[in-house]
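Asks:
Residue numbers (the numbering used here): 1128 to 1216.
1. Is it a yes or a no for the stretch 1162-1182 touching the stretch 1134-1154, going by three-plus beta-carbon pairs under 8 Å?
2. Consult DSSP for residue 1204 and reduce its assignment to one of helix, strand or coil.
3. Can you have a look at residue 1210 and say buried or exposed, based on whether 16 or more other CB atoms are within 10 angstroms of its CB?
4. Please confirm whether residue 1144 and residue 1173 have their CB atoms less than 8 Å apart.
5. Flag this pair as yes or no: are the beta carbons of residue 1192 and residue 1128 separated by less than 8 Å?
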């Protein structure tokens, strides 16, 4: 589950920043925009996009990691006898 959270967070942040930077390139076509506002807008959009992507990626990674731990990796252990087992589907 920890691997799912970490990988989901990084992948989501990268995807969110990339999408925000791609969207800022579209706004360059306007003739009434100064270079300073372009750079500040692109930077703030990339930061907010990375944060939003990291949150959604972390949530998705946690869900996938939990399902893998529960049903595929046999990480369930009996506290009495110590035997590892999968939960029934």
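Just so it is clear, CB atoms sit at the ideal spot from N, CA and C, and this is done for glycine as well.
Replies: Concretely, from the data shown:
1. yes
2. Position 77 of the chain shown, counted from the first residue, corresponds to residue 1204. If DSSP states are grouped into helix, strand and coil, residue 1204 belongs with the strands.
3. Within the chain shown, numbered from 1, the residue matching residue 1210 stands at position 83. It counts as exposed.
4. The sequence position of residue 1144 within the chain shown is 17, counting from 1. The sequence position of residue 1173 within the chain shown is 46, counting from 1. Yes, they are a contact pair.
5. Translated into positions along the chain shown, residue 1192 becomes position 65. Translated into positions along the chain shown, residue 1128 becomes position 1. A contact, by the Cβ cut-off of 8 Å.
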